[in-house]
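From first to last, the protein sequence lines are chains A and B.
With our numbering applied, the first sequence covers 1 to 539.
With our numbering applied, the second sequence covers 1 to 82.
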Amino acid sequence: MRVYSGKCLVEGAAIAPIFVYRPPQWEDCQTVVADTQQECERYRSASEKAAKALQERYTKALQSNSEEQAAIFEAQQMMLEDEDFSEQIQTLITEDHRSAVSAVMETAESFAQIFLQMDSDIMKSKAADMRDIASLVIRFLQDRQLIFDSMPAQCIVLAERLLPGELAEMDSRKVLGIVLKESSAHSHLAVLAAGRKLPFLLCPDMDLQDYWTGQVAGMDSAQTKLWIDISPETAESLRRNYQFTEPFASTLPQKQDTQMATAEGFKLCLNIGHPKELTSEVIAACDGVGVFRSEFQFIGKSQEPDEESLFEDYRYAAEALKGKTLVIRTIDIGADKQAAFLHLPPEENPALGCRGIRLCFEKKDLFVKQLRAILRASAYGKIALLLPMICQVDELLRSKAILEEVKKSLRGEDIPFDENIALGVMIETPAAVLIADELAREADFFSVGSNDLTQYCLAVDRDNRQMESYYNAQHPAVMKLLKMTAQAATDAGIGLCICGELARVSSATQILVDMGYRQFSVSPAFIPLMKETLALCKR
Amino acid sequence: MQTINHCIQAAEGMHARPAGVLAKTASAYQSTVNLYFQDKCINAKRMLAIMTLGLQQGDAIRIDIEGEDEIAAAQALTRVLI
Chain A
1 MRVYSGKCLV EGAAIAPIFV YRPPQWEDCQ TVVADTQQEC ERYRSASEKA AKALQERYTK
61 ALQSNSEEQA AIFEAQQMML EDEDFSEQIQ TLITEDHRSA VSAVMETAES FAQIFLQMDS
121 DIMKSKAADM RDIASLVIRF LQDRQLIFDS MPAQCIVLAE RLLPGELAEM DSRKVLGIVL
181 KESSAHSHLA VLAAGRKLPF LLCPDMDLQD YWTGQVAGMD SAQTKLWIDI SPETAESLRR
241 NYQFTEPFAS TLPQKQDTQM ATAEGFKLCL NIGHPKELTS EVIAACDGVG VFRSEFQFIG
301 KSQEPDEESL FEDYRYAAEA LKGKTLVIRT IDIGADKQAA FLHLPPEENP ALGCRGIRLC
361 FEKKDLFVKQ LRAILRASAY GKIALLLPMI CQVDELLRSK AILEEVKKSL RGEDIPFDEN
421 IALGVMIETP AAVLIADELA READFFSVGS NDLTQYCLAV DRDNRQMESY YNAQHPAVMK
481 LLKMTAQAAT DAGIGLCICG ELARVSSATQ ILVDMGYRQF SVSPAFIPLM KETLALCKR
Chain B
1 MQTINHCIQA AEGMHARPAG VLAKTASAYQ STVNLYFQDK CINAKRMLAI MTLGLQQGDA
61 IRIDIEGEDE IAAAQALTRV LI
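Below, the structure is given as structure tokens:
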């Protein structure tokens, strides 16, 4: 449990799963537009839709007797329709061949900067209006659903900052509270939140983490505190103080509906590190195991495990899954995971050293032993193989040759196994993405490891806490790699799964679905949340 | 040409809504409406332009109105100034 102190902007308390909101930002704004006439037309049409949306918000606010809110939207509509604003945007498009998205952003930002430099707090708050207007127009330009649509049924929204329009777009039945790093009592957002009686806390010290999404938080503006991963005792005392009724209590994890079916067209699998994680409840809730990290049998062991013990673990997991696929990733030792019995020499840069498939080639006996155990277990359930750290087609071909040798020796010993066992490749280096089309010709499926892919793409050590602010799994470069991977898999008609942390970040799910991802693999704890998220995604 | 000299009265200054009302009123007339503040001159038919002046309580402005309907425009503008 982590605790943060803050400042109360709207009174109240809540307990609910966290939804970490990051605005989408991967749109490529550098595009040079050739047909400026058409781009201007696109802008005008988006602007008209945005004006209509503001008009609707205005009417809705009036109907619910909140004149103060109505006035905000009325003023925003006037700013949107201001001729200086639209002329500046269209000049950027026609003269500089800028995309409508970047022209809108730059123009709104130039006005926002003017307002921010003024002394008056009221005028400063107009900067948020400008950004709000821009994000609304951009939303219509990109014609993409706001990621708020992927919010779970009830949640506390945590974000760096939030635009009033974004709050207006949120389903008020879903949001039980807001915690932001930046805002003020004068902001429109505070007015809107107060109008909705939505508890609102300002926590400038909160070091927002994407992985918080799905964890349960508690917030109490009277104590001006936010609890991440709230302990049952704290939750209980909060409930007692506020005499919480059902909506709050029902959002606690033990009552979450894990048995809800995965939305049609999607597959939700598990990332597991040990067969003991496969409880009957977890198995019933998932569509298979996306990644079985097989290192647990090796790490921390003083002796090398024998083939029998490997086989027993794989067979247990395969049988427990009752026909659902078990994807076993071959040992990915190296980097942050070491096995004492291998006596590997220390490396200066282990993340760039002998790890994954490289180690498998180095210690071929060990690799063969594991492949034998996996193949033998494949007679007892549906198993697929996954190779880590592939950077060259040659590495895949070499692995396939070794696999064939193992198959041949098993045949010779009359040991049954699945002749058609699927062989997949982890996509976790930029190199693998750039040759994805070639790899796709030789592999049965791709599994994207977004954590390593982010680390290797951005040259950021994911375990170095000082580098945390540089580690961004939704960096435009990473998103491009993810898109290229999906494209290559789709073109070749092979399987595709994403299994890194990003797979369970609700705010990214719709973007990944738009790219073509249909199979997500997450830790068992995130299954209920992901089911809700996927149910709200548009294919 | 009509000229209005005005001192901003409202405690909140010339923020979005009053700027919007002023621009809307000015736009209803054919006359050109220029707003002078310190060394700046802007088209008073444009709301954002008015807002960028950041007019505060006590600021003195001048509005010049020129055109066929300048008298009617001046009367209307006087009513919406805060």
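Don't be surprised by glycine CBs; every beta carbon is placed ideally from N, CA and C.
CB contact flag (residue i, residue j, <8 Å)
| i | j | result |
| --- | --- | --- |
| ILE498 of chain A | PHE520 of chain A | yes |
| CYS155 of chain A | VAL179 of chain A | no |
| ILE122 of chain A | HIS15 of chain B | yes |
| ILE72 of chain A | HIS188 of chain A | yes |
| ASN458 of chain A | ILE383 of chain A | Contrary to the premise, residue 458 of chain A reads as Leu rather than Asn in this sequence. No, they are not a contact pair. |
| PHE311 of chain A | ALA379 of chain A | no |
| ALA263 of chain A | ALA535 of chain A | yes |
| ILE63 of chain B | ILE8 of chain B | no |
| LEU565 of chain A | CYS360 of chain A | This structure cannot speak to residue 565 of chain A, because chain A is shown only from 1 to 539. |
| ILE427 of chain A | LEU453 of chain A | yes |
| TYR470 of chain A | VAL478 of chain A | no |
C-beta neighbour in chain B for residue i, strict 8 Å
| i | result |
| --- | --- |
| MET78 of chain A | yes |
| ILE114 of chain A | yes |
| ALA128 of chain A | no |
| MET389 of chain A | no |
| ALA14 of chain A | no |
Proximity winner among the options, relative to residue i (alpha-carbon distances)
| i | options | result |
| --- | --- | --- |
| LYS531 of chain A | A:GLY493, A:PRO152 and A:ASP452 | A:PRO152 |
| GLN2 of chain B | B:ASP39, B:THR52 and B:VAL33 | B:VAL33 |
| ALA103 of chain A | A:PHE19, A:ALA190, A:VAL289 and A:GLU39 | A:GLU39 |
| GLU12 of chain B | B:ARG79, B:MET51, B:ALA28 and B:LEU35 | B:MET51 |
| ALA10 of chain B | B:LEU55, B:GLN75, B:ARG62 and B:ASP64 | B:LEU55 |
| GLY290 of chain A | A:PRO476, A:PRO524 and A:LEU310 | A:PRO524 |
| THR330 of chain A | A:PHE341, A:LEU396 and A:GLY353 | A:LEU396 |
| ARG518 of chain A | A:SER506, A:ARG539 and A:LEU439 | A:ARG539 |
| LEU496 of chain A | A:LYS483, A:LEU136 and A:LYS52 | A:LYS483 |
| GLU295 of chain A | A:GLY218, A:ILE328 and A:GLN88 | A:ILE328 |
| PHE200 of chain A | A:LYS7, A:ALA486 and A:PHE19 | A:LYS7 |
| GLN209 of chain A | A:ASP220, A:GLN455, A:ILE18 and A:ALA75 | A:ILE18 |
| GLN38 of chain B | B:GLY20, B:LYS45, B:GLY58 and B:LEU48 | B:GLY58 |
| SER409 of chain A | A:ARG376, A:MET389, A:LEU439 and A:THR429 | A:ARG376 |
| ASP19 of chain B | B:ILE65, B:ILE42 and B:LEU48 | It is worth fixing the name first, because residue 19 of chain B is Ala in this sequence and not Asp. It is B:LEU48. |
| LEU226 of chain A | A:LEU529, A:GLY214, A:ARG239 and A:MET206 | A:MET206 |
8 Å Cβ cut-off: residues of chain A touching residue i
| i | result |
| --- | --- |
| LEU48 of chain B | MET79, ASP82, ASP84, PHE85 and PHE111 |
Contact with chain A by residue i, beta-carbon distance below 8 Å
| i | result |
| --- | --- |
| GLN75 of chain B | no |
| GLY20 of chain B | yes |
| GLY58 of chain B | no |
| MET1 of chain B | no |
Same chain, Cβ closer than 6 Å to residue i, five either side skipped, listed in chain order
| i | result |
| --- | --- |
| ALA168 of chain A | ARG57 |
| PRO247 of chain A | With a pLDDT of only 39 at PRO247 of chain A, under 50, the local geometry of the prediction cannot be trusted, and the value read off the model is given with reservation. Once the five neighbours on either side are set aside, PRO247 of chain A has no close Cβ partner at all. |
| LEU502 of chain A | SER450, ALA473 and ALA508 |
| LEU81 of chain B | HIS6 |
| MET78 of chain A | none |
Residue i: contacting residues in chain B (beta-carbon distance under 9 Å)
| i | result |
| --- | --- |
| ILE122 of chain A | GLU12, GLY13, HIS15 and ALA16 |
| ALA75 of chain A | HIS15, ALA16, ARG17, ALA19, GLY20 and MET47 |
Cutoff 8 Å; reference residue i; Cβ partners in own chain excluding five residues on either side
| i | result |
| --- | --- |
| ASP437 of chain A | ALA488, ASP491 and ALA492 |
| ILE402 of chain A | LYS364, PHE367, VAL368 and LEU371 |
| GLN30 of chain B | GLY67, GLU68 and ASP69 |
| ALA76 of chain B | THR25, ALA28 and TYR29 |
| ALA75 of chain A | ASP129 |
| THR224 of chain A | SER5, GLY6, LYS7, CYS8 and LEU201 |
Own chain, CB closer than 7 Å to residue i, minus 5 neighbours either side, in chain order
| i | result |
| --- | --- |
| ILE93 of chain A | VAL33, THR36, GLU39, CYS40, TYR43, ALA100 and ALA103 |
| ALA339 of chain A | PHE298, ILE299, LYS301 and ILE333 |
| ILE230 of chain A | MET1, ILE15, VAL216, ALA217 and GLY218 |
| ALA61 of chain A | GLN69, ALA70 and PHE73 |
| VAL157 of chain A | PHE19, TYR21, VAL175 and ILE178 |
Neighbour list for residue i in chain B, Cβ cutoff strictly below 7 Å
| i | result |
| --- | --- |
| MET118 of chain A | GLY54 |
Partners in chain B for residue i, counting only beta-carbon separations shorter than 8 Å
| i | result |
| --- | --- |
| ALA554 of chain A | Because chain A spans 1 through 539 in this model, residue 554 of chain A falls outside it and cannot be assessed. |
8 Å Cβ cutoff, residue i in contact with chain E
| i | result |
| --- | --- |
| SER110 of chain A | The structure shown contains no chain E; its protein chains are A and B. |
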